[in-house]
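I have placed the structure first, in the form of structure tokens, so that the comments after it can refer back to it.
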Amino acid sequence: MAPKLARLKNSEICIFLEVLENYPIIWNIKLKDYSNKPMRDGQVAMMLIDLEKKNLKMCEEEFRARFKSIKDTYRKELKKVNNSKKSGTDPDSLYIPRLIWYD
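Residue numbers for the sequence shown follow the UniProt record's numbering, so the first one is 1 and each next one is one higher.
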């Protein structure tokens, strides 16, 4: 099991997501090249270089763990938002995510 990762600051998560957005092959399963693992791994390597340029250095294992964690957190927030909408609650009491990077 990998060692526990230190928590990223919100600003670091925003940088991570900003850089990740430039590499859709890593996250967009609808792309044809998403299923090409060597190409995806190459994109991860390039992304790690870009992250290092922005003073956010991490190894591939750490990248994968952080990517999964951010994805899972986003899904949990999305589920809370959707459940809040389905419950028929008054619009003023809908669940509002507190994550600054949720949008």
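Ideal placement from N, C-alpha and C gives every residue a C-beta, glycine not left out.
Fewer than three beta-carbon pairs drawn from the stretch 82 to 101 and the stretch 39 to 58 are found closer than 8 Å, and the two stretches are therefore not classed as touching. For the pair of segments examined, the stretch 3 to 21 was found to touch the stretch 66 to 84: the number of CB pairs separated by less than 8 Å reaches three. Here L20 has I26, W27, M47 as same chain residues with Cβ atoms under 7 Å from its own Cβ, once five neighbours each way along the sequence are excluded.
Of the residues M39, Y23, K37, K53, the one whose Cα lies closest to the Cα of E12 is K53. Looking only at L31, K79, K30, the smallest Cα-Cα distance to Y102 is reached by K79. In the displayed model, A65 falls within a helix according to three-state DSSP.
Here DSSP, grouped into helix, strand and coil, assigns R7 to coil.
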